[in-house]
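Engineer: Here it is, the structure, as structure tokens.
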Amino acid sequence: MCGIAGWIGFRDSIPPPLRLNLLAHRGPDDRGERSYLSASGRVAAALGSTRLAILDLSSAGRMPMEHEEEPLALVFNGEIYNFKELRQELAQAGERFASRTDTEVILRGYRVWGDRVVDRLRGMFAFALWDGRGDGRMLLARDRFGKKPLYYRVEEDHGLVFSSELKTLLHHNLPRDIDPESLEYYLDRGYPPPERCLLQGYRKILPGCLLIWERGRVREESYWNLFEVLRQGAAHKSRAEDAAALRERLKDAVKRRLVADVPVGLLLSGGVDSSSLLALMAGLTDSPVRSYTACFGATNLDESESARRTALAFGAKHHALLLNPRCGRLLPFVASQMDEPIADPSALATYLICRRARQEVTVLLAGDGSDELLLGYPRYRLHALAQVLTHALAPSLRKAICRGLPPWSILERVLSAPADPLLRDRYWLDHGRRRLGAFSSSPGHFSIDQALLRVLQEDITSWLVEDILIKVDKMSMAASVEVRAPFLDQEVASLILALPVKARLGLRQGKLVLFEAVRGMLPEHIFRSRKKPFHLPIDDWLRCEWRPLAQDVLLDPRTRERGWTDAPETRRLLDEHISGRAVHGRRLYQLLTLELWARAILDRGEAEPHPPSVADCVRELDPSRPLRRVAVIAPAGIGDTLRLTPGVRQLSRIDPNVSMTLYVAQGRETDQVMAGMSPVDRQVPLDFTRSGVGKIFPLLQDIRRNPPDVLVSTLISRLAWMVGACCGVRDRRAWVAQWSLALRLGGLFWGSPKPITHRSGMWGVRMLWIFAGFWEFQPRKASNRTWHRLCGRKALSPKPGSYCKPFPAPFWR
Numbered sequence: 002m003c004g005i006a007g008w009i010g011f012r013d014s015i016p017p018p019l020r021l022n023l024l025a026h027r028g029p030d031d032r033g034e035r036s037y038l039s040a041s042g043r044v045a046a047a048l049g050s051t052r053l054a055i056l057d058l059s060s061a062g063r064m065p066m067e068h069e070e071e072p073l074a075l076v077f078n079g080e081i082y083n084f085k086e087l088r089q090e091l092a093q094a095g096e097r098f099a100s101r102t103d104t105e106v107i108l109r110g111y112r113v114w115g116d117r118v119v120d121r122l123r124g125m126f127a128f129a130l131w132d133g134r135g136d137g138r139m140l141l142a143r144d145r146f147g148k149k150p151l152y153y154r155v156e157e158d159h160g161l162v163f164s165s166e167l168k169t170l171l172h173h174n175l176p177r178d179i180d181p182e183s184l185e186y187y188l189d190r191g192y193p194p195p196e197r198c199l200l201q202g203y204r205k206i207l208p209g210c211l212l213i214w215e216r217g218r219v220r221e222e223s224y225w226n227l228f229e230v231l232r233q234g235a236a237h238k239s240r241a242e243d244a245a246a247l248r249e250r251l252k253d254a255v256k257r258r259l260v261a262d263v264p265v266g267l268l269l270s271g272g273v274d275s276s277s278l279l280a281l282m283a284g285l286t287d288s289p290v291r292s293y294t295a296c297f298g299a300t301n302l303d304e305s306e307s308a309r310r311t312a313l314a315f316g317a318k319h320h321a322l323l324l325n326p327r328c329g330r331l332l333p334f335v336a337s338q339m340d341e342p343i344a345d346p347s348a349l350a351t352y353l354i355c356r357r358a359r360q361e362v363t364v365l366l367a368g369d370g371s372d373e374l375l376l377g378y379p380r381y382r383l384h385a386l387a388q389v390l391t392h393a394l395a396p397s398l399r400k401a402i403c404r405g406l407p408p409w410s411i412l413e414r415v416l417s418a419p420a421d422p423l424l425r426d427r428y429w430l431d432h433g434r435r436r437l438g439a440f441s442s443s444p445g446h447f448s449i450d451q452a453l454l455r456v457l458q459e460d461i462t463s464w465l466v467e468d469i470l471i472k473v474d475k476m477s478m479a480a481s482v483e484v485r486a487p488f489l490d491q492e493v494a495s496l497i498l499a500l501p502v503k504a505r506l507g508l509r510q511g512k513l514v515l516f517e518a519v520r521g522m523l524p525e526h527i528f529r530s531r532k533k534p535f536h537l538p539i540d541d542w543l544r545c546e547w548r549p550l551a552q553d554v555l556l557d558p559r560t561r562e563r564g565w566t567d568a569p570e571t572r573r574l575l576d577e578h579i580s581g582r583a584v585h586g587r588r589l590y591q592l593l594t595l596e597l598w599a600r601a602i603l604d605r606g607e608a609e610p611h612p613p614s615v616a617d618c619v620r621e622l623d624p625s626r627p628l629r630r631v632a633v634i635a636p637a638g639i640g641d642t643l644r645l646t647p648g649v650r651q652l653s654r655i656d657p658n659v660s661m662t663l664y665v666a667q668g669r670e671t672d673q674v675m676a677g678m679s680p681v682d683r684q685v686p687l688d689f690t691r692s693g694v695g696k697i698f699p700l701l702q703d704i705r706r707n708p709p710d711v712l713v714s715t716l717i718s719r720l721a722w723m724v725g726a727c728c729g730v731r732d733r734r735a736w737v738a739q740w741s742l743a744l745r746l747g748g749l750f751w752g753s754p755k756p757i758t759h760r761s762g763m764w765g766v767r768m769l770w771i772f773a774g775f776w777e778f779q780p781r782k783a784s785n786r787t788w789h790r791l792c793g794r795k796a797l798s799p800k801p802g803s804y805c806k807p808f809p810a811p812f813w814r
């Protein structure tokens, strides 16, 4: 893995500096730079590289690498996993190798096979090859899925500059004007367009393409096309045969990615993708696998327990890192490393976990790409349902049905979406009711397979490349770590893409062929767990800990002067989100990322941020024991909240594997003071100023979504004792379990859909809706005891004034 840069132009051109120091994080082990002149003397060029040594750690792998007989030179970023087979072919063709690197295979392969060497490469790569014969030419290439980035700009004097990172080109004093179309694309999707950059004049080589500079002209050629692969049709056999073929190809892909002269680890999420990789790695290596997991604490997004159990099952040396809201101070650094704004909060987690892993390994395997290839996202199933209903129901009938459905209903979203799969996808992702026409009847002639393949092609060429893969590359290389993706292996991907939709997608889940392939290899809890997105709880963090940063950046005069967004609208989004009247976390993070990127990349005079300390951003947990989740309800003022502090810290000292959620009063200074309390990993501001049961519903709703192991409450504790006494409860620590029925009744009464009840005005309808909602809030076939375990397995309601007393260890254990 490396960083590459260079230029080519006519001899009288002024050569720009390569500025390899800006690529030092991509290759801290070595650095090289050379200038070249063509045989005719008309064309000059330069190549530079920073090297992260993974294969052949000796100086024989130094770049630019040059051929001893021909005027050929190469700089290369990536890994070629079939380099041993290609090396044997080239040796039989008479080529003599001087190193054990895959870089030399590309160089000598070009001499034998020319530009078509890329057809034989199996791996991830972005390289630049100088051919000084004749008038000279430069060949730039990028792998099939775009795992390695390569930016370029064509100069007015017909020269060409290129680099692994955009910021290297910007230091050539070139223009930095915003491309309006690319900016609109980002504001719509949260990531840049596939070919253009947000800066005018700068472009990216598309995946599966070559860029050739020759005699002052630039042309682009495609050597691999995803659409052609999808159009070739299915090679479906039987379910068992497909699963066996996938298992063998995935095993071969993992085996090839374990080849390295440095330690290799695994990014373990707890899902079936990375768990499959762990099972295969454990069978292919003699030593325990080092696995790394990001934990998000007391949220329903956390998969750390599943990852921990899987790691224990395979004897892995597991490392679980608990992220807290203080990681928000890394946002300016992350924005500067991204080159282009990408509104993906998981970039923070990716960087932090790679930085921790770098202490022990240099290479990490990851399950990236499986959700797209295997149709793993839930919205793929919604597409299949929508396609069926689009064919079956006329637009007028769908519109009439939607009038009687609440706006948050899934059926309403399915019926009101446009018929075109791509428009429907944007409608669901962005809720663009005002921008896209709903209830469209044209074009609705797509079959289910055609509709899903259209969406899949769009996801792979845009979302996967410009968000997932770029994020992983930039964040891992910022920590000098290489990430390899076995699911995006050429042979694995071609097999999956050749399968029909029904082999990958079912009514209840996707990835059917993968589940069948690894059944018997993985623990049973993997097959029972639900898919969870790799997201940070930014909605909560933007309301509390990140609120000062968001307000300072988004309401700053510099932000308004750019004119990219409407200032009053931004303030409205921010106010509504902080107050809890609406949820705009995704949109606010998108705007925040854009402005932080602009300050780091566009504003001249601002130095690039250096990697900050991450000591207080993450906490490593004990992998032998599960994570404990504690919820503390503290709606009091700042004085009472501070009195609670020693007790909260006492809990964390009893068990370091604890993640705390603090429910605080909204609109008070309490949340700002408690933001600095080290054991608190999540704060949820609630409006406790309202009277009656209205204040209970948001609390109940959040506890239901994010069930704690222990609930510590200072909320109306005397009323809790009274309710407990009426119910015959002697132990006040169990008041939540007994009071949960009253909480549900009050919460459902207050939280019943207002459009229906207010328009009808009938209390009977309202009460029926309340009791019908029991099924929504209580799990199917579950008793009240099950509900109590979900709401809070243990609870404590301390007496007034007892906050400072240590909680007894037997209660906690």
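FYI, the numbering for the sequence shown is 2 to 814, going by our numbering.
Note that the Cβ used here is the ideal one computed from N, Cα and C, for glycine as well.
(1) Helix, strand or coil: how does DSSP classify Tyr590 here?
(2) Can you give the Cα-Cα distance for Glu105 and Gly124, rounded to whole angstroms?
(3) Can you check whether the CB of Cys210 is closer than 9 Å to the CB of Ala129?
(4) Name, in chain order, the residues that DSSP records as bridge partners for His127.
(5) Which full runs of the beta strand (DSSP E) of 3+ residues lie inside the stretch 280–338, going along the chain?
(6) When the cut-off is 9 Å and only beta carbons count, does Asp468 lie next to chain B?
(7) Does the Cβ of Val584 have 16 or more other Cβ atoms within 10 Å, making it buried, or fewer, making it exposed?
(8) Can you tell me which of the three DSSP states Arg382 falls into?
(9) Count the CB pairs spanning the stretch 354–366 and the stretch 489–499 that are closer than 8 Å, and state whether there are at least three.
(10) On the DSSP letters alone, give me the boundaries of the beta strand (DSSP E) that Ile5 sits inside.
(11) My assumption, with CB atoms under 8 Å, is that Asp158 sits in contact with Ser14. Please give the rounded CB distance.
(12) Looking only at its chain, what residues have a beta carbon closer than 6 Å to the beta carbon of Arg248, apart from the 5 residues adjacent to it on each side?
(13) Cα-Cα, which of Arg20, Phe77, Leu167 is closest to Asp144?
(14) How close, in whole Å, do the beta carbons of Leu498 and Val230 come, if the pair is a contact with beta carbons under 8 Å?
(15) In the DSSP assignment, the beta strand (DSSP E) including Gln684 goes from what residue to what residue?
(16) Which same chain residues end up closer than 8 Å to Ser41 when comparing Cβ atoms and leaving out the 5 residues on each side of it in sequence?
(17) Please report the residue range of the beta strand (DSSP E) in which Val364 lies.
(18) In terms of alpha-carbon separation, which member of Gly28, Ala551, Pro708, Phe11 lies closest to Arg330?
(19) Check the C-beta distance from Gly1 over to Gln591 and give it rounded, since I have them as a contact under 8 Å.
(20) I'd like to confirm something about Asp623: is its beta-carbon nearer than 8 Å to some heavy atom of the ligand PLP, or not?
(21) What number of angstroms, rounded off, separates the C-alpha of Ile206 from the C-alpha of Tyr153?
(22) Is the beta carbon of Met139 less than 9 Å from the beta carbon of Ile213?
(23) Rounded to whole angstroms, how far is the Cβ of Pro195 from the Cβ of Glu467, which I believe are closer than 8 Å?
(24) Taking Arg257 as part of the beta strand (DSSP E), name the residues at either end of that continuous run.
(25) Whole angstroms are fine: how far does the CA of Gly160 sit from the CA of Pro65?
(26) Alpha carbons only, please: which of Ile81, Ala45, Glu570, Asp576 is nearest the one belonging to Arg485?
(27) Which two residues bound the contiguous beta strand (DSSP E) that contains Cys210?
(28) Are the stretch 522–533 and the stretch 292–310 in contact at 8 Å, needing three or more beta carbon pairs?
(29) Write down the C-beta distance between Leu555 and Leu603 rounded to the nearest angstrom, noting that I regard them as a contact closer than 8 Å.
(30) In angstroms, rounded to a whole number, what distance separates the CA positions of Gly110 and Lys252?
(31) Does the beta-carbon of Asn325 have 16 or more other beta-carbons within 10 angstroms, so that it is buried, or is it exposed?
(32) In whole angstroms, what separates the C-alpha of Ala321 from that of Leu454?
(33) Report the three-state DSSP secondary structure of Val631 (helix, strand or coil).
(34) State whether the stretch 174–185 contacts the stretch 86–95, with contact taken as three or more CB pairs (one from each stretch) at a distance under 8 Å.
(35) Could you have a look at Ser614 and say whether DSSP puts it in helix, strand or coil?
(36) If you draw a straight line from the C-alpha of Asp553 to the C-alpha of Leu332, how long is it?
Structural biologist: Reading off the structure:
(1) helix
(2) 15 Å
(3) no
(4) For clarity, residue 127 is Ala in the given sequence; the question names His instead. Beta-bridge pairing links Ala127 to Asn78, Arg143.
(5) 291–296, 318–324
(6) The question asks about chain B, but that chain is absent: this structure has only one protein chain.
(7) exposed
(8) helix
(9) no
(10) 3–11
(11) 5 Å
(12) Ala518
(13) Phe77
(14) 5 Å
(15) 681–687
(16) Gly135, Asp136, Gly137
(17) 364–366
(18) Ala551
(19) There is no way to answer for residue 1, as the model of the chain reaches only from 2 to 814.
(20) Looking at this structure, you won't find the ligand PLP or any other ligand, since it has none at all.
(21) 8 Å
(22) yes
(23) 6 Å
(24) No beta strand (DSSP E) contains Arg257, which is instead part of the alpha helix (DSSP H) from 240–258.
(25) 20 Å
(26) Ile81
(27) 210–215
(28) yes
(29) The pair is not a contact, with the Cβ atoms about 16 Å apart (cut-off 8 Å).
(30) 27 Å
(31) buried
(32) 36 Å
(33) strand
(34) no
(35) coil
(36) 13 Å
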